[in-house]
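One structure below.
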Amino acid sequence: MAKTKSIGIRVTPEVNKEIERLKEAFGFGSFGEMLESFVRILQLVDQDIFRIESHPREWSKKDVQNYLSGGNSDWTDPRTGELGKLLWRRLRERFGQDGVERARELLEK
Numbered sequence: 002m003a004k005t006k007s008i009g010i011r012v013t014p015e016v017n018k019e020i021e022r023l024k025e026a027f028g029f030g031s032f033g034e035m036l037e038s039f040v041r042i043l044q045l046v047d048q049d050i051f052r053i054e055s056h057p058r059e060w061s062k063k064d065v066q067n068y069l070s071g072g073n074s075d076w077t078d079p080r081t082g083e084l085g086k087l088l089w090r091r092l093r094e095r096f097g098q099d100g101v102e103r104a105r106e107l108l109e110k
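Just so we're aligned: 100 in the numbering used here is position 99 of the sequence shown, and the numbers increase by one with no gaps anywhere.
If you want it as structure tokens, here you go:
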């Protein structure tokens, strides 16, 4: 049997409402199931970002599209871009602000 852990958290009514909305939208049976799925998505995002060996200064527009748009577009909500923000934050952590600026510059061309 898998080990389980209970966590107790207090959230504002607004956060609780958003959690319930996400549970319903994605068909999760429980908060734990939702949390587990989101953690897995974050792990996949991290894998993709940290697999990149070159610095954005060396990228072409096609590289940016492959690294940040192609495989990761499935994880980004087109309406809110919420997970897209995570990708950019992870990119900044890995390559610094100049890397983010270079990637944005290439995407805008």
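Built from N, CA and C at the ideal position, the CB exists for glycine as well. None of these values were measured; they are calculated from a predicted model.
Leu88 is the residue among Val101, Gln98, Leu88, Asp99 whose C-alpha sits nearest the C-alpha of Val46. Exposure of Pro14 is indicated by the presence of fewer than 16 other C-beta atoms within 10 angstroms of its C-beta.
DSSP places Trp89 in the helix class (H, G or I) of the three-state scheme. If you draw a straight line from the Cα of Gly100 to the Cα of Arg22, it is about 35 Å long. Using a Cβ distance threshold of 8 Å, Leu92 and Ile50 count as a contacting pair. Look at Lys62 here: in three-state DSSP terms it is helix.
Straight-line spacing of the CA atoms in Arg11 and Asn17 works out to 9 Å.
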